[in-house]
Structures are given as structure tokens and as C-alpha cells.
Ligand SMILES: [Zn+2]
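Numbering (the numbering used here), first residue to last: 374 to 578.
Structure, rendered in C-alpha cells:
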């Protein structure tokens with residue numbers, strides 16, 4: 374650990390001036406490295422790494438999204454991916470006349486309260502769909518144990534040919550050596566070594 378105080382730096386990527394971030398570091402070299410990593414880029418891609426003393430007060434970071442948005446930064450809406458900018462209106466002295474429609478919650482920015490609500494509703498439906506899939510597999514294959522489930526979107530959907538499984542559960546059953554898969558709307562996929570056991574257990578007439 375360095376005992377030098379950490380300070381704010383603004384790191385910009387070359388040829389992508391829309392991609393910048395604020396990082397906190399004790400020197401410019403480590404700021405550049407941290408910025409490149411945060412922006413998913415290489416050291417050489419960093420065009421500029423400058424001190425940003427206005428953000429020192431937020432050390433060790435992160436700078437709240439609301440502060441950055443008010444300073445003219447833009448972000449992608451976590452719900453619908455549209456660009457979120459400061460859409461509040463101000464009078465000549467800079468006082469807020471009307472609050473913007475964007476909402477910041479924890480480490481996510483939403484374009485509006487409605488978009489946040491839609492995102493949350495969809496997340497709750499995804500959880501409910503996962504629970505329904507678990508129940509379905511446990512009912513179809515008594516004694517099975519769910520390992521993990523994956524549901525794309527907010528409802529159970531059958532996979533389309535050529536596209537990956539949209540709703541899938543991985544499970545084991547008594548005596549099985551490997552994981553079996555259940556693809557919603559399609560059926561169970563069982564490894565060769567467990568197939569005989571699976572058929573005798575669940576497919577007997
Ligand atoms: Zn949105």
C-alpha cells in the first residue's frame with residue numbers, strides 16, 4: 374500500500390471520446406492502468422489521463438452517477454439501454470427549475486422511474502419463471518435435485534431451432550453420475566452414462 378493520498382483522474386480512450394471514466398489512484402501511471410481496466414481496454418488505448426481535482430472529494434470512489442450526469446456525462450439506461458443525459462432544466466443562475474426524469478439507484482442509471490419499474494417487474498417475473506421451471510422439473514422427474522436454472526427474459530419459452538435454450542434447468546437424479554438438462558418445451562437431455570438409469574426410472578411404461 375502506498376501512503377500517498379489517492380486522487381481522482383479522468384481517463385479517456387483514444388478514438389472513443391465517448392468512453393471515459395474517473396478512477397482514484399496515487400499516481401498517473403496506476404490511474405491509467407486502472408482506467409484501462411475499468412473501460413475494458415489496453416494501456417495503449419488510453420489517450421488521456423488527467424487529474425480531475427473536482428472529484429477528489431469522492432475518493433476512494435466511485436463518483437456517484439448523479440454527480441457525473443449533472444456534469445454532462447452520459448450513461449446507458451440499465452433498463453432499455455437508451456442514452457441517459459441530464460434532462461433537468463435550470464434557470465440562468467443554475468438553480469434547478471425542473472428535475473430530470475432519470476433515476477439513479479445503487480450502481481445503475483435508468484432513463485425514468487417507469488423504466489426502473491418495468492425492469493424490476495421483469496426481474497420479479499424472471500424469478501417467478503425460474504421457480505415454475507424448478508417445480509416443473511421436480512414434478513416430472515420425482516427425486517431429482519435442481520443444480521441450476523436459467524431463464525432468458527421474463528417468461529418460460531421454448532427454444533427456437535438454432536438458437537440456444539431460452540429456459541433450461543440442470544438437475545441430477547438418484548444414482549446419476551452427471552448433470553442432466555431439461556430444456557423447456559423440448560425435453561430432457563441425459564448423458565450416455567446415465568441414460569439407462571434415467572429411462573428405467575422415468576420413461577418406463
Ligand atoms: Zn430506460
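The beta-carbon is built from N, C-alpha and C at its ideal position, and this holds for glycine as well.
Residues near residue i in its chain [Cβ-Cβ closer than 6 angstroms; skip 5 each side]
i           : result
residue 515 : none
residue 486 : 476
residue 464 : 470
residue 492 : 452
residue 455 : 484
Residue i burial status per 10 Å Cβ neighbour count (16 or more: buried)
i           : result
residue 452 : buried
residue 494 : exposed
residue 521 : exposed
residue 537 : exposed
residue 488 : buried
Same chain, Cβ closer than 8 angstroms to residue i, five either side skipped, listed in chain order
i           : result
residue 381 : 395, 396, 397, 424, 425, 426, 427, 428, 429, 431, 432, 434 and 436
residue 474 : 460, 484, 485 and 486
residue 399 : 375, 377, 378, 379 and 380
residue 530 : 539, 540, 557 and 558
residue 422 : 382, 383, 384, 385, 401, 404, 405 and 408
residue 592 : There is simply no residue 592 to check, as the chain begins at 374 and stops at 578 in what is shown.
residue 533 : 539
Close Cβ partners of residue i (< 7 angstroms) along its chain, the five nearest in sequence each way excluded
i           : result
residue 524 : 499, 502, 503, 506 and 540
Where the alpha helix (DSSP H) through residue i begins and ends
i           : result
residue 420 : Note, residue 420: premise wrong, no alpha helix (DSSP H); beta strand (DSSP E) at 419 to 424.
residue 438 : 438 to 443
residue 545 : Unbroken run through residue 545 is the beta strand (DSSP E), 540 to 545; no alpha helix (DSSP H).
residue 470 : From DSSP, residue 470 is part of no alpha helix (DSSP H) but of the beta strand (DSSP E) over 469 to 471.
residue 567 : 565 to 575
residue 401 : 401 to 411
The beta strand (DSSP E) enclosing residue i, as first and last residue numbers
i           : result
residue 554 : 553 to 556
Worksheet item: Curious, which full-length beta strand (DSSP E) runs of at least 3 residues does the segment 475 to 514 contain?
Response: Within the segment 475 to 514, the complete beta strand (DSSP E) runs of at least 3 residues are 476 to 478 and 481 to 483.
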